[in-house]
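Novice:
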Amino acid sequence: MQCVKLTTYFGERDRVDGRLLADELLAIYERRGVRLSTLFRGAEGFGRLHHLHTERLLTLSEDLPVIATALDSPERIEALLTDVLAIKRRGLMTLERALLLGAAADEQRSERRDTFANALAFAGGAGHGRKLTIQVGRRERVGNRPAFVAVCELLHERGLAGASVLLGVDGLREGRRTRARFIARNADVPMSIVAVGAAEPIAALVPELARILREPLITLERVRICKRDGELLEQPHALAAADEQGRAAWQKLTVYSSHDATHDGRSLHLEIVRRMRAGDAAGVTCVNGMWGFHGAHAPHGDRLLQLRRHVPVLTIAIDSPEKAARSFVLIDELTREHGLVTSEVVPAMQALSANELSAR
Amino acid sequence: MPDLDRREIAAIFLGGALGSLLRMWLGRTFATGAGDWPWATFTINVTGSFALAYFATRLQERLPRSIYRRPLLGTGFCGAYTTFSTMQVETLQMIDDDRYALAATYALTSVLAGLVAIWIATALVRRVRIIA
Amino acid sequence: MSVWTWLGVALLGGVGANARFLIDGLISARAGAALPFGTLVVNASGSLVLGLLTGVALSGDALVLAGTATLGSYTTFSTWMLETHRLGEDARARAALLNIAVGLAVGVAAAALGRTIGAHA
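Protein chains in written order, with my numbering: chain P, 1 to 360; chain S, 1001 to 1132; chain W, 2001 to 2121.
#1: Is the beta carbon of Phe368 (chain P) less than 9 Å from the beta carbon of Pro312 (chain P)?
#2: Whether or not the region 235-244 of chain P and the region 185-193 of chain P are in contact is what I'm after, with contact meaning three or more pairs of Cβ atoms, one per stretch, closer than 8 Å; do they touch?
#3: Per DSSP, Ile225 (chain P) is paired with what?
#4: State the DSSP-derived secondary structure class of Leu233 (chain P), mapped to helix, strand or coil.
#5: From the DSSP secondary-structure annotation, give me the bridge partner or partners of Glu44 (chain P).
#6: Check this for me: beta carbons of Thr133 (chain P) and Glu221 (chain P), under 9 Å apart or not?
#7: Which whole-angstrom value describes the C-beta separation of Leu71 (chain P) and Cys3 (chain P), a residue pair presumed to lie in contact below a C-beta threshold of 8 Å?
#8: Beta carbon of Leu213 (chain P), beta carbon of Ala147 (chain P): below 9 Å?
#9: Give me the chain W residues within the contact set of Asp260 (chain P), using Cβ-Cβ distance strictly less than 8 Å, ordered along the chain.
#10: When the Cα of Thr2039 (chain W) is compared with those of W:Thr2116, W:Gly2107, W:Arg2115, which residue comes out closest?
#11: Taking the Cβ atom as the reference point for each residue, do Glu337 (chain P) and His259 (chain P) lie within a distance shorter than 9 Å?
#12: Assuming Arg130 (chain P) is part of the beta strand (DSSP E), what are its boundary residues?
#13: In this structure, does DSSP put Tyr256 (chain P) in helix, strand or coil?
#14: Closer than 7 Å by beta-carbon distance: list the chain W residues that pair up with Ser412 (chain P), in chain order.
#15: For Val1116 (chain S), which of helix, strand or coil comes out of DSSP?
#16: Got a sec? Which residues, its chain only, sit under 8 Å from Gly1035 (chain S) by beta carbon, not counting five neighbours each side?
#17: Apart from the five residues just before and just after Arg308 (chain P), which ones in its own chain have a Cβ nearer than 8 Å to its Cβ?
#18: Using the Cα positions of Ser1110 (chain S) and Asn2043 (chain W), report the straight-line distance between them to the nearest angstrom.
#19: Do Leu20 (chain P) and Ile1044 (chain S) have their beta-carbon atoms positioned less than 9 Å apart in this structure?
#20: What's the gap between the Cα of Ala43 (chain P) and the Cα of Ala1121 (chain S)?
#21: Quick one: list the residues of chain W neighbouring Leu314 (chain P), beta-carbon separation under 8 Å, in chain order.
#22: List the endpoints of the continuous alpha helix (DSSP H) containing Tyr29 (chain P).
#23: Could you please give the first and the last residue of the uninterrupted beta strand (DSSP E) stretch that includes Tyr9 (chain P)?
#24: Within a Cβ cutoff of 6 Å, which residues of the same chain sit near Ile87 (chain P), ignoring the five residues on either side of it in sequence?
#25: Please report whether the beta-carbon of Ile1012 (chain S) lies at a distance below 9 Å from any beta-carbon of chain W.
#26: Give a yes or no on whether 9 Å exceeds the smallest Cβ distance from Ala2033 (chain W) to chain P.
#27: I'd like to know whether the C-beta of Gly1035 (chain S) is nearer than 9 Å to at least one C-beta of chain W.
#28: With a 10 Å radius around its C-beta and 16 neighbouring C-beta atoms as the bar for buried, classify Ser267 (chain P) as buried or exposed.
#29: Using DSSP with H/G/I as helix, E/B as strand and the rest coil, what is Leu2071 (chain W)?
#30: Answer yes or no: does any C-beta atom of chain W fall closer than 9 Å to that of Ile1131 (chain S)?
#31: Could you check which residue in W:Ala2110, W:Gly2114, W:Glu2083 has the C-alpha nearest to that of Ala2096 (chain W)?
#32: Measuring alpha carbon to alpha carbon, tell me which residue in W:Ile2023, W:Gly2008, W:Phe2077, W:Leu2071 is nearest Leu2053 (chain W).
#33: Since Gly45 (chain P) contacts Thr285 (chain P) with CB under 8 Å, what's their CB separation in whole angstroms?
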């Protein structure tokens, strides 16, 4: 099913009428029966004002970045957009096209076959990368292993460029709210496995994933894979500053690396944030994963006895194509040895008020 | 400075009051003589560190943001429950008594035990195979 | 200790915690993320004042309320340890060690200085 993914980036302290913006957004999505929504907490980042927010200091970690996604049909997303714009006054919002491959309770086996065919058709020509996002529950299991471990192993076996497991803290799944609670088992709270790879292996994986997962909910998007394990594969998209209708074009660069990756002795993702903050980047958000891989090595995460963290980190930067090109030069240099870098085209709007809807 | 929310200040106040009361009560119940190893302060600081790491890690990485939980449990309770100043004055007293080895041992053991407590609590919250 | 003193402990405990939050926040916002300066300043200033109270030979309920309750709550051991650990996790072992060493050295020195000032006041 062709869908639209609405992603909002904001600070966790942002409020609306005294209530947290994150909670209000999820409430809107729930009211509107959004099919799939996840709330992620970032670990580090900065926005337009270039104030650094980091989890590393107790007091500075008072306003960490938050990412909220909502995925549904274009009509439903359009309908809730007015509600969202009414309350979201700061920060970035993006709308991306995605293909939702889900096995809802009433989907027939024949529809599953169509799903595979759709994936292949969406896959388009060879040589273009794909991003697969797979939703699993926190305590979901495949066989006798946690679902995310089993899925990552499968993805790694099939030669995907990388996969990172992100822990959601709130969300919606087929209209059902899945919020993590302080005193609760939190078994259904969503985890998103973000996988990047070539079109063919990903298209082949979809029916397999649908088979092994309980209620598979899979999203497919197009990306360009720029770097892997220090090797430059492709330059990021070279976009014009605006499209034919004069709407501003935006570009998203994502760096997938390990928390313990270093560049000249300093933490890789922290160095990316530091340098981009010193420059004129519009904003950067770092999100820690739990498990994953982004190169030839096996999937990994934190160990029980460790001093350094070994989880994957996603460093996300959205900017105008011109600035993104400059940022890529920086990222290219820092990812000399490690890291998976992708480029995506996103129509974005800086949400200032409902009246200033600038691009869609 | 982020905009202050009255609920946060109230949460910090409540947590601080409770942490302070507990520390006071434990300090009086398990009081040690001047010059002895300050068991009360030591135990309070180590257990408080464990609790802070548990709360902070869990609230930050596993749960959606809550307006009052971290100010209440982290900044408020654990911050007030544990104490740095008392520990310094106790160390100073040992130095006064020319018990330099004891002073160094006290300071370093407190730090080491505190860090181990943080480390264990953090690992417990983050354990990958079984997560909550 | 009377009920009133216990009440005072609770009240001042809350005040101390808020004072810490305020001052730590102000300093962290300006000092950046290199080292947890906010916590260092809070702990050092708290130790200085507690030293002062000791030097002035404050005792009984007054010491309990001003010293143990307020300053004990104002200063924090747990935040200091948590931030040190997080520095270590980010491959900043030197910064972590520095945080410990400076914290201890400045803490004891501040307490000693406060006591000297208090004794001569």
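Glycine included, C-beta positions come from ideal geometry on N, C-alpha and C.
Specialist: If we stick to the structure as given:
#1: A query on residue 368 (chain P) cannot be resolved here, the shown segment of chain P reaching from 1 to 360 and no further.
#2: No, because fewer than three Cβ pairs between the region 185-193 of chain P and the region 235-244 of chain P fall closer than 8 Å, the two stretches do not touch.
#3: Working through the first sequence from its first residue, we reach residue 225 (chain P) at position 225. Looking at the DSSP assignment, Ile225 (chain P) forms a beta bridge with P:Thr342.
#4: Here residue 233 (chain P) refers to the residue found at position 233 of the first sequence. DSSP, read as helix, strand or coil, puts Leu233 (chain P) in coil.
#5: Indexing the first sequence from 1 puts residue 44 (chain P) at position 44. Under DSSP, Glu44 (chain P) shares a beta bridge with P:Thr54, P:Cys286.
#6: The sequence position of residue 133 (chain P) within the first sequence is 133, counting from 1. The sequence position of residue 221 (chain P) within the first sequence is 221, counting from 1. Contact check for Thr133 (chain P) against Glu221 (chain P) passes: the beta carbons are separated by less than 9 Å.
#7: What you label residue 71 (chain P) is simply residue 71 of the first sequence in a count that begins at 1. What you label residue 3 (chain P) is simply residue 3 of the first sequence in a count that begins at 1. Right, the Cβ-Cβ distance comes to about 5 Å (below 8 Å), so this counts as a contact.
#8: The sequence position of residue 213 (chain P) within the first sequence is 213, counting from 1. The sequence position of residue 147 (chain P) within the first sequence is 147, counting from 1. Between Leu213 (chain P) and Ala147 (chain P), the gap from beta carbon to beta carbon is short of 9 Å.
#9: Numbered from 1 along the first sequence, position 260 holds the residue referred to as residue 260 (chain P). Chain-order list of chain W residues neighbouring Asp260 (chain P): Ala2091, by C-beta distance under 8 Å.
#10: Counting from 1 along the third sequence, the entry for residue 2039 (chain W) is found at position 39. Nearest C-alpha to Thr2039 (chain W): W:Gly2107.
#11: Mapped onto the first sequence, residue 337 (chain P) falls at position 337. Mapped onto the first sequence, residue 259 (chain P) falls at position 259. No; because the gap between Cβ atoms is not below 9 Å, this pair is not in contact.
#12: Locating residue 130 (chain P) in the first sequence gives position 130, where the first residue counts as 1. Run containing Arg130 (chain P): 129-137, per the beta strand (DSSP E) assignment.
#13: By 1-based counting over the first sequence, the position of residue 256 (chain P) is 256. DSSP, reduced to helix, strand and coil, places Tyr256 (chain P) within a strand of the structure shown.
#14: Outside the displayed span of chain P (1 to 360) sits residue 412 (chain P), for which this structure offers no information.
#15: Working through the second sequence from its first residue, we reach residue 1116 (chain S) at position 116. When secondary structure is reduced to three states using DSSP, Val1116 (chain S) falls in the helix class.
#16: By one-based count along the second sequence, residue 1035 (chain S) stands at place 35. The residues are Gln1093, Met1094, Asp1097, Arg1099.
#17: Taking the first residue of the first sequence as position 1, residue 308 (chain P) is located at position 308. Here the set comprises His259, Asp260.
#18: Locating residue 1110 (chain S) in the second sequence gives position 110, counting from the first residue. Locating residue 2043 (chain W) in the third sequence gives position 43, counting from the first residue. If I take the Cα positions, the gap works out to 15 Å.
#19: Here residue 1044 (chain S) corresponds to residue number 44 of the second sequence, with the count starting at 1. Here residue 20 (chain P) corresponds to residue number 20 of the first sequence, with the count starting at 1. Taking 9 Å as the Cβ cut-off, Ile1044 (chain S) and Leu20 (chain P) do not qualify as a contacting pair.
#20: Counted from its first residue, the first sequence places residue 43 (chain P) at position 43. Counted from its first residue, the second sequence places residue 1121 (chain S) at position 121. Cα-Cα distance, rounded: 19 Å.
#21: For this step, residue 314 (chain P) is matched to residue 314 along the first sequence. Within chain W, no C-beta atom comes nearer than 8 Å to that of Leu314 (chain P); the closest sits roughly 17 Å away.
#22: For the purposes of this step, residue 29 (chain P) is identified with residue 29 of the first sequence, where counting begins at 1. Membership of Tyr29 (chain P) in the alpha helix (DSSP H) is indicated by the continuous run 21-31.
#23: Residue numbering aside, residue 9 (chain P) sits at position 9 when the first sequence is read from its first letter. First-last of the beta strand (DSSP E) with Tyr9 (chain P): 2-11.
#24: Counting from 1 along the first sequence, the entry for residue 87 (chain P) is found at position 87. Excluding sequence neighbours, Ile87 (chain P) sits near Val16, Glu24.
#25: Residue 1012 (chain S) sits at position 12 when you count from the first residue of the second sequence. At least one chain W Cβ lies under 9 Å of Ile1012 (chain S).
#26: By 1-based counting over the third sequence, the position of residue 2033 (chain W) is 33. So yes, Ala2033 (chain W) belongs to the interface.
#27: Within the second sequence, residue 1035 (chain S) is the residue found at index 35, counting from 1. It does not: the Cβ of Gly1035 (chain S) has no partner Cβ on chain W nearer than 9 Å.
#28: Against the first sequence, residue 267 (chain P) aligns to sequence position 267. By the Cβ-count criterion, Ser267 (chain P) is buried, with 16 or more other Cβ atoms from all chains shown falling within 10 Å of its own Cβ.
#29: As a first step, residue 2071 (chain W) is located in the third sequence; it is residue number 71 there, counting from the start. It is helical.
#30: Position 131 of the second sequence, counted from the start, is the residue given in the question as residue 1131 (chain S). Legend: pLDDT at Ile1131 (chain S) = 46, less than 50; position of this residue unreliable, no value from coordinates given.
#31: Counted from its first residue, the third sequence places residue 2096 (chain W) at position 96. Here the closest residue by C-alpha is W:Glu2083.
#32: Locating residue 2053 (chain W) in the third sequence gives position 53, where the first residue counts as 1. Of the candidates W:Ile2023, W:Gly2008, W:Phe2077, W:Leu2071, the one whose C-alpha sits nearest the C-alpha of Leu2053 (chain W) is W:Leu2071.
#33: If you number the first sequence from 1, residue 45 (chain P) lands on position 45. If you number the first sequence from 1, residue 285 (chain P) lands on position 285. About 4 Å; that satisfies the 8 Å criterion.
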